[in-house]
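What follows is one structure encoded as C-alpha cells, with my remarks underneath.
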Amino acid sequence: MARNFCWINIGVCCMLLTVRIPSSLASECNGDSCRDVITMPLLDDMKATLKADLDVTNMNNHLKAYIEQQIQKGVKTAMKDIMGQLIDNKLEVVNATIVATIIEELERYGVTYVRWERKGCPDGAELVYTGQAGGNYYDHKGGGVNYLCLPNDPENGEHQSSTNSQLYGAEYQIFKNQKPHGMSGSLGNREVPCGVCHRKRRSSVITVPGRKTCYEDWNPEYNGYLMAAHNDYKRTDYACIDVNAEQFDSKSSDENGALFYPIRTKCGSLRCPPFKEHADVLCVVCTK
Ligand SMILES: [Ca+2]
Ligand SMILES: [Ca+2]
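Using my numbering, the first residue of the sequence shown is number -2, and each one after it goes up by one.
Dropping the structure here:
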C-alpha cells in the first residue's frame, strides 16, 4: 500500500504543501530533469497539524499533463515570438538593403542636357564639361545643322590639306534691335559658352518651347529664349538659350560662324491666341 502513497506534510503555520511523487514515478526520472517534488502555495491560516495518507496518483498524472501542456504552450508562444522577431528583423535588414541598393543605383542614373550660353550648370547638376558653342558656317550649303558644345580641352586629329571646313565657333548675332527684352548685356559678335550638365536621379529631360515654367511634376533646369539661324541663312536646330547668357571670353571681333539669332512668332498656321504675333519665344528645360 505504501508504494502508491506519498506523504502530505502540512506543518503548523506552514505556507507550503510538499507532495511526494510515488516511488514508481520517482524511479523513472533521473538527474536534474527529475521533477518528483512539486511545491505549491497553500492557504493561510491552516495551523492544525495534519497527517494523512492520500492516493495522489491521479493528481500527479493531472499535474504532469497540466505541466506538459503549459510547457508546450509556453514553448509555442516563445517560439512564435522568437520567429516573429527573427522575421521582423530579417525584413528590416532586407528592406534596408533594398533601399540602399535603389539609392546607390539611382546615383548612377540621370539625364544630360546642354546649357547653352552658360559655362556652368544649375545648382545640384553636375558639370560634365564646359566649352564653346560651335557648328556649321551660317550660309554653308552642306554640313550639319545642329549646334555643338565643343570642350575646352579637345583631343585634336591630324592636319589635312583638303578642305571641308564645317566646324566653326558660334557667335551671338544679337544686337540691340534683335535682343529679347529679358536679356541684358552686350552680346553682339561675342563667342558663346556652353556647359554639358548631368542631373542625377532623373529619367527624362524635355525642352518646352513657348513657356518659361515647367509643367507640374517637372523640375526647371534653366529657362531663356529659343534661338536658331536667321531666316535668310541656312537652317539650324533650335536651341534654348539661357536668359542669363554670358560671353565665352572678352573678345568681340566679328568672325561669324554658327550664329545665334533670337526667333519670333508668326501667326497663321501658328494659332494666335494662344500665341502672340511677332513675339520673343520663351523656352524652359525641365527634368524629372
Ligand atoms: Ca566673334
Ligand atoms: Ca557676327
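Cβ atoms here follow ideal geometry from the backbone N, Cα and C, with glycine treated the same way. Every value quoted in this text rests on a predicted model; they were computed, and no experiment measured them.
| Check | Outcome |
| --- | --- |
| Pairwise C-alpha distance: His156 and Asp120 | 40 Å |
| Ligand 1 heavy atom lying under 7 Å from the CB of Arg208 | no |
| heavy atom of ligand 1 below 7 Å from Arg187 C-beta | yes |
| Whole-angstrom distance between Lys197 and Ile95, CA atom to CA atom | 19 Å |
| Check: Asp251 C-beta below 7 Å from any heavy atom of ligand 1 | yes |
| Cβ neighbour criterion (16 or more within 10 Å) applied to Phe257 | buried |
| Between the CA atoms of Glu102 and Val125 - distance to the nearest angstrom | 19 Å |
| Inter-stretch contact at 8 Å, needing at least 3 Cβ pairs: the region 213 to 222 / the region 105 to 124 | yes |
| Lys248: CB within 7 Å of a non-hydrogen atom of ligand 1 | yes |
| Ala242 burial status per 10 Å Cβ neighbour count (16 or more: buried) | buried |
| Top-ranked residue by Cα proximity to Cys237, from Lys248, Met224, Ser247 | Met224 |
| Span separating the alpha-carbon of Ile99 from that of Val90 | 14 Å |
| Selection from Leu145, Pro190, Lys77 that minimises the alpha carbon distance to Arg115 | Pro190 |
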